[in-house]
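Peer 1: Residue numbers (the UniProt record's numbering), protein chains in the order written: chain P, 1 to 477; chain E, 1 to 477. We put the CB at the ideal spot given by N, CA and C, even for glycine.
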Ligand SMILES: Cc1ncc(COP(=O)(O)O)c(C=O)c1O
Ligand SMILES: Cc1ncc(COP(=O)(O)O)c(C=O)c1O
């Protein structure tokens, strides 16, 4: 007796990521190191996730202090914590039912926090209004993305529902789209132009879908994961015109909005660009924008707090979305609070401001250092080439693998970039993701690694990568 | 332009709960009270949710202390917190990547915690083994239930997938099943027998589904929500034989396993009963059992920590489930930790034990008091009748409404029990749920309210209910 025959075909069709295999091997290697097996390195550097704390970034004291006071309000009565922390915790607890972070909240989140999220968005977008009724807080932004896709994708439709999805793309998003029973309609980002999104390519992708599926949505990640590209206003305007013309729902994954390093790069939200384009576009284009407490400077992935803001949706659709969110009760309260703190950090004059400011500046200067060094070092290596990282959490350099290495990989039944990642892990103890998990043009090879690390970790990772690459090229050329 | 035409029909078909309307009105009334509008009560008592903290139960100090130390490890260096709390926090942090609760975890949860969950289950089930690989931690048990249903329900199947679902039933479960595109196959619990599950009724329900849909699973809630019934071993054995015969997947919602009050009632898990029945049943019946940090004595709903244990599933199916969980990253770390603390409370001799024991005993004696008083008071009221609450968080008494009240409700375009709930809220300031949201036999009427409150809250709620009911009967008979 097995449900396998009956398993939903959408779930059955989900691909297996190679990074899972690598992660398992990394765990074994760590265990071997603990058991004193000799290796050319003392520990594994894991830069395969977009997880700042895991990669060595320190949590912000202010955030952790407020959260711990919300959990254990006895701390409010002592002077262990700064006075503005205690005040903040008190205000937040007043928004929780019965003053406990252990109560369920409304399905869209604690209403006071939802209001502050909308105020943040309005400030960020230079006054373009944001409405609390259009915001839903979720256990991480990925969850919100999957839920909105769930509304858009009709798995019973024929032809099947299509979603325009970038290549390369953050792999969990691709998995979600496939898991819901939609077809991926790939559009390729232009590596040579710093991973720019080119609207002609969107046209090509739409043409290619004709007869195969019915594209209903365009998924964009800005700043990009894994590309590190930050979109220009002009490019966004072109995208908006296209989605309006083709009647596509625009899914804007903007979780890295706070992580922009390029000197000439600036994050502008799709919502703002849309509003500034004026009617009829600003009244009609349907947009979902996602943000998260996982990815900014605070990097609180484990608390699971994200939100989606919905623009120009039919009120009837909003009602369905509300119901869908209700079936999961609510987002974790501490994740909701983390979002609030991210959007309302201490201000000059607050007792917590000096430390907060020191900690965040330290993180920002570390990130600036890291992206600069990655660009320098990777581009100085033989057969490696990296576009500038303008934003986000990752570098996605291209590998020009020698013929012999490609042959060897085939012999071992692996994709060439996976073969490279396996060797890098075994020989140098650095865990990165192979480009094939994220998608890449045929016959091109890449690796992805997180740049949100401490300076020391990044320097050590680059040192290991450099000597590994030199050695690897020697062996295979 | 609107996606409404394209909205997934499963989502479109989800019903609207009347309790949403009531909750909105309750919020307005609270606002009116704040603005000093005169009412016959000073505050609204909200016993409509299964949310202990909201209803006045206090969080456990030990739990909150450990969680706050995990968030803000500086607390480990002071003696603000008891030494066993600090040790526990240290152990837990060692299981988090980079020692931060802000790191993502494995998709199924932190492996140390998953192991301790399996140890708990083994202890609970008198030694029946539990395997960490079969356990997935999720952001609340509801989420896990929906995910497992997602694997079972093939929304493209024809005939449609059916799920045997109790009447009455916790409404979010019903919404989830419908939202996934399955058909509800209702089976009625026997109110006269204290809401017993009768296996003949399951046969009747299966017969009724013939030609309409293809039932693949049986959903059981034990202890019951809203019924308060605790299943006997004998009844569970009958259920297991039936699911084996009919090749149904058994979904056992056991989130109230720690809340049993009946003198002759005892919680036994489906997993244990299945194991004790021996082969071939114990090797073949596919079972998912759900548990949660929301519902026990700790009542931490807002942290969102739950798990599912899967028994006898095909390894290939397990792989798909793993992938599905991966698409949401992971459960909130603090919810995972709360689960761990629930399963591993302080032991005699630990510095935190005396306070922990005092707090939990206080809650248990309060609950015992509440269920006793609810039974006494409700059954003493005219036209009200309540089965004994043996377990769970709710009472679900039946209302014998006078003809005139039913007429009046119809006149106002409401279901009679909704009409009753509206009046109870307006006139007495008590917020409960109408039976229609949970399901009930035609022409019977019920209300549901939470019994996990402080003694004072319960007494006040019962006082208001009593005088309201007397008044209501006067007006309408
Ligand atoms: C582009 C992008 N979107 C969404 C997410 C998910 O973040 P969250 O933790 O908010 O679910 C990630 C995580 O890596 C990401 O890179
Ligand atoms: C029977 C039942 N199952 C599951 C849940 C959901 O609990 P969680 O908070 O773990 O999602 C509830 C909540 O009320 C419930 O009553």
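#1: Chain E beta carbons: is any one of them nearer than 9 Å to that of residue 97 of chain P?
#2: Which word fits residue 412 of chain E, buried or exposed, when buried means at least 16 other C-beta atoms lie within 10 angstroms of its C-beta?
#3: With 16 as the cutoff for other CB atoms within 10 Å, does residue 337 of chain P come out buried or exposed?
#4: Do residue 96 of chain P and ligand 2 come close, with the Cβ less than 8 Å from some heavy atom?
#5: With 7 Å as the limit, tell me which residues of the stretch 37-57 of chain P have their beta carbon closer than that to any beta carbon of chain E; keep them in chain order.
#6: Output, in chain order, the set of chain E residues within a Cβ distance shorter than 7 Å of residue 335 of chain P.
#7: Using a C-beta to C-beta distance shorter than 8 Å, which residues of chain P count as neighbours of residue 301 of chain E?
#8: Report back the beta-carbon spacing between residue 335 of chain E and residue 305 of chain E to the nearest angstrom; my notes put them in contact at under 8 Å.
#9: Could you name the residues of the stretch 77-91 of chain P whose beta carbon sits closer than 9 Å to any beta carbon of chain E, in the order they occur along the chain?
#10: Under the rule that 16 or more other beta-carbon atoms within 10 Å means buried, what is residue 77 of chain P, buried or exposed?
#11: Are the CB atoms of residue 169 of chain E and residue 439 of chain E nearer to each other than 9 Å?
#12: Using a Cβ-Cβ distance cut-off of 9 Å, determine whether residue 143 of chain P contacts chain E.
#13: Which residue from P:187, P:321 and P:345 puts its Cα closest to that of residue 298 of chain P?
#14: Between the alpha carbons of residue 101 of chain P and residue 409 of chain P, how many angstroms are there, rounded?
#15: Check each residue of the stretch 149-178 of chain E: if its Cβ is closer than 7 Å to any Cβ of chain P, include it; give the result in chain order.
#16: At a CB-CB cut-off below 7 Å, which residues of chain P make contact with residue 35 of chain E?
#17: For residue 3 of chain E, count the other beta carbons within 10 Å of its own beta carbon; 16 or more makes it buried, fewer makes it exposed. Which is it?
#18: Apart from the five residues just before and just after residue 359 of chain P, which ones in its own chain have a Cβ nearer than 6 Å to its Cβ?
#19: Per DSSP, residue 384 of chain E is paired with what?
#20: Using the Cα positions of residue 383 of chain P and residue 444 of chain P, report the straight-line distance between them to the nearest angstrom.
#21: Examine chain P for any beta-carbon lying closer than 9 Å to the beta-carbon of residue 452 of chain E, and answer yes or no.
#22: Would the C-beta of residue 145 of chain P count as close to ligand 1, meaning under 8 Å from any of its heavy atoms?
#23: What span of residues does the alpha helix (DSSP H) with residue 270 of chain P cover, start to end?
#24: If you measure from the CB of residue 294 of chain P, is any heavy atom of ligand 1 nearer than 8 Å?
#25: Please return the same chain residues whose Cβ sits closer than 6 Å to the Cβ of residue 300 of chain P, not counting the five positions on each side in sequence.
#26: Tell me, which residues are paired with residue 369 of chain E by DSSP?
#27: If the criterion is Cβ atoms closer than 9 Å, does the pair residue 197 of chain E and residue 241 of chain E meet it?
#28: Between residue 68 of chain P and chain E, is any beta-carbon pair separated by less than 9 Å?
#29: Taking the Cβ atom as the reference point for each residue, do residue 406 of chain P and residue 424 of chain P lie within a distance shorter than 9 Å?
#30: Using a Cβ-Cβ distance under 9 Å, would residue 61 of chain P count as near chain E?
#31: Are the stretch 82-90 of chain P and the stretch 347-354 of chain P touching by the rule of at least three beta carbon pairs closer than 8 Å?
#32: Based on DSSP bridge pairs, tell me the residues matched to residue 448 of chain E.
#33: Say yes only if the C-beta of residue 257 of chain E is nearer than 8 Å to one or more non-hydrogen atoms of ligand 2, and no if none qualify.
#34: What are the residues of the stretch 419-431 of chain E that lie near chain P, defined by any Cβ-Cβ distance shorter than 8 Å?
#35: Can you tell me where the alpha helix (DSSP H) with residue 241 of chain E in it begins and where it stops?
#36: Could you check the C-alpha separation between residue 57 of chain P and residue 453 of chain P for me, to the nearest Å?
Peer 2: The answer reads as follows:
#1: yes
#2: exposed
#3: buried
#4: no
#5: 49, 51, 53, 54 and 56
#6: 332
#7: 102, 103, 104 and 329
#8: 3 Å
#9: 78, 80 and 81
#10: exposed
#11: yes
#12: yes
#13: P:345
#14: 52 Å
#15: 150, 151, 152, 153, 154, 155, 156, 172, 175 and 176
#16: Chain P residues near residue 35 of chain E: none, gap ~18 Å exceeds 7 Å.
#17: Note that residue 3 of chain E has pLDDT 47, beneath the 50 cutoff, so the model's placement of it is unreliable and the number below is only indicative. That one is buried.
#18: 60
#19: E:399
#20: 12 Å
#21: no
#22: yes
#23: 270-277
#24: yes
#25: 293 and 338
#26: In DSSP, residue 369 of chain E forms no bridge with anything.
#27: no
#28: yes
#29: no
#30: yes
#31: yes
#32: E:433
#33: no
#34: none
#35: 233-246
#36: 6 Å
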